[in-house]
Structure formats: structure tokens, C-alpha cells
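Participant: Heads up, the final residue of the sequence shown is numbered 1474 in my numbering, and it's a clean run with no missing numbers. Beta carbons are placed, not taken as given, at the ideal position from N, Cα and C, and that holds for glycine. Take a look at the following structure, please.
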Amino acid sequence: MANTITSKIELNVELDENRVPEKLHWTAQDGGITNEEAKAMMLAVWDAKTQETLRIDLWTKDMPVDEMKVFFHQTLVAMSDTFYRATQDEKMSATMKDFCDYFAEKLELKK
1364 MANTITSKIE
1374 LNVELDENRV
1384 PEKLHWTAQD
1394 GGITNEEAKA
1404 MMLAVWDAKT
1414 QETLRIDLWT
1424 KDMPVDEMKV
1434 FFHQTLVAMS
1444 DTFYRATQDE
1454 KMSATMKDFC
1464 DYFAEKLELK
1474 K
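Following this line, the structure appears as C-alpha cells:
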């Protein structure tokens, strides 16, 4: 039997009295991250039994809208890169990148 290694990623969310996130912290010791603060996060998990994606999208109430737009753009670009690595589908990856460029242009993110 092969030896397995377990790696842990921890998320901590501090909520206000209305259960709105005030602070987000994350730890990934294998990556050298310990209790780092974040203003937003998106987590997607594939449930093979139900054949659907489960998601957690959180952002703190002090996350600026202009930073949220950049966060979304960078996340979309990263998703297109991940899609290519997972599927090797060059045509659709390029189409996704085109959308990312369009998204950035419409939000006036590119200088």
C-alpha cells in the first residue's frame, strides 16, 4: 500500500451580528501561508454523486468594489488557464481568454 500525505487548508470567517463576513483568514501550511488575511474568496467543489458544483463565495463588507472587479477578472483568467491544463482544449481556452479581455475592457481595468 502506498504512503499517502494529507495536506490541510483552513478558512476562518469572522462574522458580524448579521452574519456578514468582517474578516477572512486562511492557512495552507504546505504553501507557507499562516493565518493570512483576505478580503474575498471563491471556493468550488465538484460533487461527483450529484454531478454538480458546490460553491462558497465570500467577501468582507469592506472589500472595495473596484478591487472586487479586479478579483473577478483575475479569477476568470486563472479559470481559463486551469481549464486548458485540465482539458487541453486550446480553442475554448482562447475563447475564454477573449472573454476575459472583453470583461477587462468593459470594466476599464486595462490601461
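Could you check the C-alpha separation between Asn1381 and Leu1472 for me, to the nearest Å?
Facilitator: Numbered from its first residue, the sequence shown carries residue 1381 at position 18. Numbered from its first residue, the sequence shown carries residue 1472 at position 109. Rounded to the nearest angstrom, the two C-alpha atoms are 32 angstroms apart.
Participant: Can you give me the C-alpha to C-alpha distance between Thr1450 and Leu1387, rounded to a whole angstrom?
Facilitator: Along the sequence shown, one-based indexing puts residue 1450 at 87. Along the sequence shown, one-based indexing puts residue 1387 at 24. Whole-angstrom Cα-Cα distance: 32 angstroms.
Participant: Kindly confirm or deny that the stretch 1439-1446 and the stretch 1421-1431 touch, where touching means at least three C-beta pairs closer than 8 angstroms.
Facilitator: With a cut-off of 8 angstroms, the stretch 1421-1431 and the stretch 1439-1446 do not count as touching, because too few Cβ pairs lie within range.
Participant: By the DSSP assignment, the alpha helix (DSSP H) with Lys1454 in it spans what residues?
Facilitator: By 1-based counting over the sequence shown, the position of residue 1454 is 91. Segment Glu1453 to Lys1469, the alpha helix (DSSP H) holding Lys1454.
Participant: For the beta strand (DSSP E) containing Val1383, list its first residue and its last residue.
Facilitator: For the purposes of this step, residue 1383 is taken as the residue at position 20 of the sequence shown. That residue, Val1383, is in no beta strand (DSSP E); it is neither H nor E in DSSP.
Participant: Are the CB atoms of Leu1406 and Asp1420 within a distance shorter than 9 angstroms?
Facilitator: The residue you call residue 1420 lines up with position 57 of the sequence shown. The residue you call residue 1406 lines up with position 43 of the sequence shown. Yes. Within cutoff.
Participant: Between Asn1398 and the rest of its own chain, which residues show a CB-CB distance below 7 angstroms, the 5 nearest in sequence each way excluded?
Facilitator: Against the sequence shown, residue 1398 aligns to sequence position 35. Contacts found: His1388 and Thr1390.
Participant: Could you give the DSSP three-state label for Leu1439: helix, strand or coil?
Facilitator: For the purposes of this step, residue 1439 is taken as residue 76 along the sequence shown, with counting starting at 1. Helix.
Participant: Start and end of the beta strand (DSSP E) containing Asn1393?
Facilitator: Within the sequence shown, the letter at position 30 stands for residue 1393. Inspection of the sequence shows that residue 1393 is occupied by Asp rather than by Asn. It is not in any beta strand (DSSP E) - Asp1393 carries neither H nor E in the DSSP assignment.
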